[in-house]
Structure formats: structure tokens, C-alpha cells
Amino acid sequence: MGKRGGFPGGGIPGNMGNLMKQAQRMQKQMEEKTKELEEKEWEASAGGGAVTVKVSGKKEIVSVKLSKEVVDPDDIEMLEDLIVAAANEALRKMEEESSAVMGDITGGLNGFGGFPF
Numbered sequence: 001m002g003k004r005g006g007f008p009g010g011g012i013p014g015n016m017g018n019l020m021k022q023a024q025r026m027q028k029q030m031e032e033k034t035k036e037l038e039e040k041e042w043e044a045s046a047g048g049g050a051v052t053v054k055v056s057g058k059k060e061i062v063s064v065k066l067s068k069e070v071v072d073p074d075d076i077e078m079l080e081d082l083i084v085a086a087a088n089e090a091l092r093k094m095e096e097e098s099s100a101v102m103g104d105i106t107g108g109l110n111g112f113g114g115f116p117f
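Residue numbers (UniProt numbering): 1 to 117.
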């Protein structure tokens, strides 16, 4: 009695084998780029440079710098807003570059092979 299902010869057909190799290369490239991006830092300012925030590729705030003139004990709310604005802009820059780098690797695919999984 013959085999049911499977592929002739019992192996992975050529196109599927090539697809698997490409997926493995893509995964390795993504891991390498992820490590590179985690070590990188992005910086953004708010209030004309009065507040500067630096973030890492690990989505962590690395530093916050304040100019003396922005530190007004009577207007803490403005300082808080400037810190939030600078931090959000630095994180946006980081996300934008990370997405672009990963998009270059995957060719803009969503999920594996263009399928959303």
C-alpha cells in the first residue's frame, strides 16, 4: 500500500526548503539588528532645548537634562509637560528608526510570508 499524504521522497520540496532558509536568514538578521538598536540612543528636546531627554533602544530613559531657566518652582506643571514632550519625541524617533530597519529586513511583510500570523 502506498503512503498517504506527505511529499514524494519524504523530504521538504525545494521551494519550501528555500523558503525555510530565507526565513532563518531573516530571523538572524532581525536578531542582529535588534541587538544593534538596543545599544543605540536617541535624543530629543522640548521648550527650545530647555529640556533634553535621551532614550535607549531598550525603551529606557537614559538621561534628562534641564536648563536652569526652565526650573521654576511656581510652574512645575510646565516643566513636567516639557519632560513628557521630550521623552515622547525621543521614543518616537527610536520607534521610527526601529520600524524602518526591521521593514528593510522583512521587505515590509506583516507576519510570515505576508500572512498576519
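Using N, Cα and C, we set each Cβ at its ideal position, and we do this for glycine too. Since the model is a prediction, treat every value here as computed from it, not as a measurement.
Can you list, in chain order, the residues of its chain with a C-beta nearer than 6 Å to that of residue i? Leave out the 5 residues immediately preceding and following it.
i: S67; result: A50
For residue i, which residues of its own chain have a beta-carbon under 7 Å away from its beta-carbon, when the five flanking residues on both sides are left out?
i: A86; result: A44, S45, A46, V51, T52 and V53
Between residue i and residue j, what straight-line distance do the alpha-carbon atoms span, to the nearest angstrom?
i: M102; j: K33; result: 8 Å
i: Q22; j: Q29; result: 11 Å
i: K58; j: W42; result: 11 Å
i: S56; j: I76; result: 26 Å
i: E80; j: E89; result: 14 Å
i: I61; j: T106; result: 28 Å
i: G31; j: L91; result: A quick correction: the sequence has Glu, not Gly, at residue 31. If I take the Cα positions, the gap works out to 20 Å.
i: A74; j: L82; result: Reading off the sequence, residue 74 comes out as Asp, not Ala. Approximately 15 Å between the Cα atoms of the pair.
Using three-state DSSP, classify residue i as helix, strand or coil.
i: P116; result: Confidence in P116 is poor, its pLDDT being 48 and thus under 50, which makes the residue's placement unreliable; the coordinate value appears in the next sentence. Here P116 sits in coil by DSSP.
i: E43; result: strand
i: V64; result: strand
i: V71; result: coil
Tell me the residue span of the beta strand (DSSP E) that contains residue i.
i: K54; result: V51 to S56
Could you pull out every residue in the same chain whose Cβ sits closer than 8 Å to the Cβ of residue i, ignoring the five residues on either side in sequence?
i: E69; result: A50
If you follow the alpha helix (DSSP H) that residue i is part of, which residue opens it and which one closes it?
i: K93; result: I76 to T106
Measure from the C-beta of residue i to each C-beta in chain E and report whether the shortest distance is under 8 Å.
i: T106; result: In summary, chain E is missing from the structure at hand, where a single protein chain is found.
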